[in-house]
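Beneath this line is the structure, given in structure tokens, with notes to follow.
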Amino acid sequence: MLQKAEMVESVDFQFLSAQNKKDYWENGFLVIKSLFTREEVKKLRSIAEKDLVETEIMVKGDQSGNLTKLKMWDRPEDDIYGMFSRNERITDNVEILFGEPIYIYSAKMILKNAREGGAWEWHQDYGYWYNYGCLLPTMNSCIVAVDAANKENGCLQVLRGSHKIGRINHDRINGQTVADDEKINEAVKKFELEYIEMQPGDALIFDGNLLHRSDSNMSDFDRWSFIASYNTVANKPYKKVREYGNYEELKKVPRSAILDFEMAVQG
Numbered sequence: 004m005l006q007k008a009e010m011v012e013s014v015d016f017q018f019l020s021a022q023n024k025k026d027y028w029e030n031g032f033l034v035i036k037s038l039f040t041r042e043e044v045k046k047l048r049s050i051a052e053k054d055l056v057e058t059e060i061m062v063k064g065d066q067s068g069n070l071t072k073l074k075m076w077d078r079p080e081d082d083i084y085g086m087f088s089r090n091e092r093i094t095d096n097v098e099i100l101f102g103e104p105i106y107i108y109s110a111k112m113i114l115k116n117a118r119e120g121g122a123w124e125w126h127q128d129y130g131y132w133y134n135y136g137c138l139l140p141t142m143n144s145c146i147v148a149v150d151a152a153n154k155e156n157g158c159l160q161v162l163r164g165s166h167k168i169g170r171i172n173h174d175r176i177n178g179q180t181v182a183d184d185e186k187i188n189e190a191v192k193k194f195e196l197e198y199i200e201m202q203p204g205d206a207l208i209f210d211g212n213l214l215h216r217s218d219s220n221m222s223d224f225d226r227w228s229f230i231a232s233y234n235t236v237a238n239k240p241y242k243k244v245r246e247y248g249n250y251e252e253l254k255k256v257p258r259s260a261i262l263d264f265e266m267a268v269q270g
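Be aware that the sequence shown starts at 4, since it is given in my numbering, and climbs by one per residue.
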């Protein structure tokens with residue numbers, strides 16, 4: 004079980020226990036139920052519907068020609084997305100896992116709409132982060148369910164323990180970075196496939212080398228999600244690969260920041 008923090012602010016909070024940390028490193032991922040409230044993710048969805056304009060949305064195709072839309076940020080700002088990615092409910096727990104200071108590497112909204120959201124092929128996030136100047140795999144991501152995620156609408160699939168393989172070579176196909184077929188064919192025989200079904204506000208933290216994918220969304224329900232990715236400060240890129248530079252110090256926001264931001268918008 005997750006340990007409750009001794010001091011709870013305006014929203015509930017859970018610190019990862021020693022057993023949680025052990026499970027994470029054994030399996031390559033950890034699900035945290037209700038890390039954020041329904042009210043908080045509803046606010047995120049409401050704002051995203053208004054301010055994610057089509058000209059800023061990236062569209063990626065899968066091998067069947069289905070499309071998935073996403074918006075990506077290379078740095079956190081003082082907006083609703085930053086209130087999630089910089090939130091101590093995530094950042095403190097990621098630092099517990101790594102045992103050292105971290106910063107936000109990137110963030111994105113995945114807009115997997117009903118009847119059109121394309122599949123993501125098998126890949127590791129570190130499969131391409133490595134090529135961006137991050138020498139070590141001390142990197143992970145936290146995906147927050149904005150809508151309910153299940154098999155019907157293309158929830159995330161993982162190969163439990165597959166992060167132990169280490170980095171696999173990847174190729175660029177239809178705008179997606181896809182893991183080597185030969186390695187994937189062997190990995191699916193060796194590691195257990197698990198569908199990560201989540202309710203709005205649930206979070207999944209997963210290792211940068213964990214193999215994961217998702218099916219197309221052929222249901223009548225959207226599956227939107229927010230993903231923040233983290234790197235250890237000691238592993239910041241050794242070369243400049245993005246416009247703003249290699250690294251920006253993490254400025255955490257308190258656990259109540261999302262609700263505070265909501266009040267500021269309403270005021």
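Backbone N, C-alpha and C fix where the C-beta goes; we use that ideal spot for every residue, glycine too. Keep in mind it's a predicted model, so treat the numbers as computed, not measured.
- Going by C-alpha positions, P257 is about 43 angstroms away from E189.
- When C-beta atoms of the segment 153 to 168 are compared with those of the segment 219 to 227, three or more pairs fall below 8 angstroms, so the two segments count as touching.
- In the three-state reduction of the DSSP assignment, E197 falls in the strand class.
- Here I93 carries a helix assignment [DSSP, helix/strand/coil].
- In the DSSP assignment, L114 is bridged to K72, W227.
- The segment 73 to 91 and the segment 103 to 116 touch, with three or more beta-carbon pairs separated by less than 8 angstroms.
- Note that the C-beta distance between K186 and I171 is below 9 angstroms.
- Remark: C-beta atoms of F32 and D150 do not approach each other more closely than 9 angstroms.
- The continuous beta strand (DSSP E) containing M142 extends over residues 142 to 148.
- With distances taken between CA atoms, D65 lies nearest to N220 out of S232, A231, N220, N234.
- Checking the DSSP bridge columns, you'll see Y233 partnered with I107, N143.
- Under the three-state reduction of DSSP output, Q160 falls in the strand class.
- For A51, the three-state secondary structure derived from DSSP is helix.
- Judged by DSSP in its simplified three-state form, Q202 adopts coil rather than helix or strand.
- Straight through space, the alpha carbons of E252 and L114 are spaced by roughly 28 angstroms.
- Within a 10 Å sphere around the beta-carbon of K46 sit 16 or more other beta-carbons, which makes this residue buried.
- Looking at the DSSP output, V56 bridges to nothing.
- K72 and I146 have their alpha carbons spaced roughly 16 angstroms apart.
- Nearest neighbour of Y106 by Cα position, chosen from I93, K192, A206, turns out to be I93.
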